[in-house]
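Please read the structure below before turning to the comments.
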Amino acid sequence: MEGALAIGAGLAVAVGALGGGIGQGIAGGKCFESIARQPEIADQVRTLLFITLAFIETLTIYGLLIAFMLVGKIG
Amino acid sequence: MIFASSYEPLFHIGPVPVYDHIVAQWLVIILLGTVAYLATKNMQTIPRGLQNTFEAIVEGCFNFFGGALGNEHAAKKWAPLLVTFFLFILTNNYFGLIPGAGTIHGFVPSTADWNITATLATIVFFVVIIAGGKNFLAHLFTPHWLFLPLNLLEQVARPLSLTLRLFGNIFGHEMIVAFLVLMAPFLVPMPLVALGVLTGLIQALVFTILATSYMADVVGEGH
Amino acid sequence: MISKKWTALTVFLLSMLLILGLATSCYASEGGVPPFPDIYKIGWTTVNFFILFAILYKFGYAPVMNMLEQRTNTIESSLQHAEELRAEVEQMRKEAQTNLAESRKEAQEIVARATKMAEETKNEILAKAQAEARAEKEKALAEIKAEKEQAVAELRDTAATLAIMAAEKVLGRALKDEDHQGMVKDFVKEAGDLLC
């Protein structure tokens, strides 16, 4: 049971971080592309990027929290 | 233990327990209050020194969040509250970066506790309702009354996501730093602590920007 | 394609490493996530937040906002003041110009008047002088005339007297031719002397 909890916790963060990481990479790359194309809107794009990253981050953080909860059940 | 932020009360005032996180908030209040008091003790028309910095910060925040509200009247009314959210969360986040934070009582980032982030998110929830008034109710029925359940779900999800985002980021960061300190106490956790500076700022900014955009939804475009 | 696969693998491995570390950390910190909900923490946070809001409002925002407003007012009023000053200076300049033009005109008038007056005076003096000269001349002429008349009258008297004297002489003795001639000469001479 404890082993299953540990594996579940690991998977929760791993899968969450996987998707979130890829998504953030794409978002960041697109942001840099658009800034390189139109440097004059860099500020707006950057603000939007941070908000977007925060949204994506949230999903990863959900996984992290689930992992914490599961790990807490182990002990 | 390195990560000694105990969930036991630090002491009691009468029957009311006081936790590390609450002491940290008091420290934040004292710090911000002192800075504000010193900066505005004798205001001069031509600012210099602390007054200049403080004015620049306050005015910049006012312009940023007030501008995001998009409604001048509402901005004048609600920007102070939003700026308070920002400063409170920012300072609290940075309390985890002080050397010795976690081992000394009172120096924990109080946003690493989801009771506290939930409280802040709930305050945002009610403030949005109060700021919206009739507009808030109208907003629930847009674009059609059929969307009411969806809108209600969104309203409930908002404080939840605010809570979990802030808490998860700060708590996760604390955990990682604690673990690294446990493994290698010197130099190795430094990049993560440096990242914590960025995380603290971005999370405070994101929390406040989201609160501002929730409010901007309901205060309307009236000028 | 390969690079994407490698990226995904790296992310996966790093995540595993992260969760391993976190798990250890949580074992170490014996707590896991904080208990929820804790009504005291919630209450304290609410109170603390609004205390902070009140303090910041009183010492932070209100003075800064007042100061900003005051500064705006100061700038506006100084701009307005500058505008007023500018207008005043402009008006003064205009006035000075008007004054200058007026005084120039006046000066010209004065000069013109003075010139005219001088001309008049000159004319007057000239006329007077001429008139005087003429009067003098007339007077002289009149005097001359009067003297001449007097002289003529005297001459006439003298001539009459001479005639009487000559008649007396003629009557008194016989005249020779030579005598006659000499007498006439004498007479004329006398007469001329008398006349002159």
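Residue numbers (the numbering used here), protein chains in the order written: chain A, -17 to 57; chain B, 24 to 246; chain C, 71 to 266. Ideal Cβ placement from N, Cα and C applies to all residues, glycine included.
Counting only beta-carbon separations shorter than 8 Å, does residue i have a partner in chain C?
| i | result |
| --- | --- |
| B:GLN226 | no |
| A:GLY3 | yes |
| A:LEU0 | yes |
| B:TRP49 | yes |
| B:MET66 | yes |
| B:ALA59 | yes |
| B:GLY56 | yes |
| B:HIS44 | yes |
| B:GLU82 | yes |
| B:VAL39 | yes |
| B:THR231 | no |
| B:GLU78 | yes |
Have a look at residue i and residue j and give me their C-alpha separation to the nearest angstrom.
| i | j | result |
| --- | --- | --- |
| B:ALA51 | C:ALA157 | Going by the sequence as given, residue 51 of chain B is Val instead of Ala. Rounded to whole angstroms, B:VAL51 to C:ALA157 spans 54 Å at the Cα level. |
| C:ARG183 | C:ILE214 | 45 Å |
| C:LYS259 | C:ALA216 | 25 Å |
| C:THR168 | C:MET162 | 10 Å |
| B:ILE80 | C:ALA171 | 59 Å |
| B:PHE108 | C:SER73 | 43 Å |
| C:VAL240 | C:ALA229 | 15 Å |
| B:ASN86 | B:ALA98 | 9 Å |
| B:PHE118 | B:CYS84 | 21 Å |
| B:GLY191 | A:GLU22 | 34 Å |
| C:GLU139 | B:GLY89 | 16 Å |
| C:GLY262 | C:ALA205 | 33 Å |
Does residue i pass the burial test, meaning 16 or more other C-beta atoms within 10 Å, or should it be called exposed?
| i | result |
| --- | --- |
| A:GLU39 | buried |
| C:GLN200 | exposed |
| C:THR185 | exposed |
| B:VAL204 | buried |
| B:TRP168 | exposed |
| C:LEU187 | Residue identity check: residue 187 of chain C is Met in the sequence provided, not Leu. Flag for C:MET187 reads exposed. |
| B:HIS196 | buried |
| B:ARG188 | buried |
| A:MET(-17) | exposed |
| B:MET198 | buried |
| B:LEU228 | buried |
| B:THR231 | buried |
| B:THR147 | Note that residue 147 of chain B is Val in the sequence shown here, rather than Thr. That one is buried. |
| C:ASP256 | exposed |
Verify the CB distance criterion: does residue i have a CB-CB separation below 8 Å to chain B?
| i | result |
| --- | --- |
| C:THR142 | no |
| A:ALA36 | yes |
| A:ILE56 | no |
| A:ILE(-11) | no |
| A:ILE33 | yes |
| C:LEU149 | no |
| A:ILE43 | yes |
| A:LEU(-7) | no |
| C:ASN118 | yes |
| A:LEU47 | yes |
| C:LYS22 | Outside the modelled stretch of chain C, which goes from 71 to 266, sits residue 22 of chain C, for which no answer is possible. |
| C:LEU155 | no |
| C:THR168 | no |
| A:GLU39 | yes |
Terminal residues of the continuous beta strand (DSSP E) containing residue i?
| i | result |
| --- | --- |
| B:PRO40 | 39 to 41 |
| B:PHE111 | That residue, B:PHE111, is in no beta strand (DSSP E); its alpha helix (DSSP H) goes 95 to 117. |
| B:PHE3 | Residue 3 of chain B lies beyond the residue range present for chain B, which begins at 24 and ends at 246; the question has no answer from this structure. |
Quick check on residue i - is its C-beta less than 8 Å from some C-beta in chain A?
| i | result |
| --- | --- |
| C:VAL134 | no |
| B:SER133 | no |
| C:VAL81 | yes |
| B:ASN138 | no |
Grab the span of the alpha helix (DSSP H) containing residue i for me, first residue to last.
| i | result |
| --- | --- |
| A:ILE(-11) | -16 to 19 |
| B:HIS162 | 157 to 163 |
| C:TRP114 | 109 to 125 |
| B:SER184 | 171 to 206 |
| A:MET51 | 24 to 56 |
| B:THR63 | Note, B:THR63: premise wrong, no alpha helix (DSSP H); not H, not E. |
| C:TYR131 | Careful: C:TYR131 lies outside any alpha helix (DSSP H) and carries neither H nor E. |
| B:ILE80 | 73 to 92 |
| B:ILE121 | Counting along the chain, B:ILE121 falls outside any alpha helix (DSSP H), and DSSP gives it neither H nor E. |
Can residue i be considered in contact with the ligand HEM, in the sense that its beta carbon sits closer than 7 Å to one or more heavy atoms?
| i | result |
| --- | --- |
| A:GLY(-10) | Among the ligands in the structure shown, none appear at all, so the ligand HEM cannot be discussed. |
Cβ pair count under 8 Å reaching 3, the segment 207 to 221 of chain B against the segment 59 to 76 of chain B: no
Cβ pair count under 8 Å reaching 3, the segment 117 to 135 of chain C against the segment 96 to 113 of chain B: yes
Three or more C-beta pairs below 8 Å linking the segment 228 to 244 of chain B and the segment 87 to 98 of chain B: yes
At least three beta-carbon pairs within less than 8 Å, the segment 176 to 194 of chain B to the segment 145 to 153 of chain B: yes
The segment 149 to 156 of chain C contacting the segment 106 to 123 of chain B, beta-carbon criterion three pairs below 8 Å: no
The segment 73 to 85 of chain B / the segment 48 to 63 of chain B touching (three or more Cβ pairs under 8 Å): yes
Stretch-stretch touch, CB-based, cutoff 8 Å, three pairs: the segment 39 to 49 of chain A with the segment -17 to -2 of chain A: yes
Segment contact flag, the segment 111 to 119 of chain B with the segment 211 to 227 of chain B, C-beta cutoff 8 Å, min 3 pairs: yes
Cβ pair count under 8 Å reaching 3, the segment 100 to 119 of chain C against the segment 132 to 147 of chain B: yes
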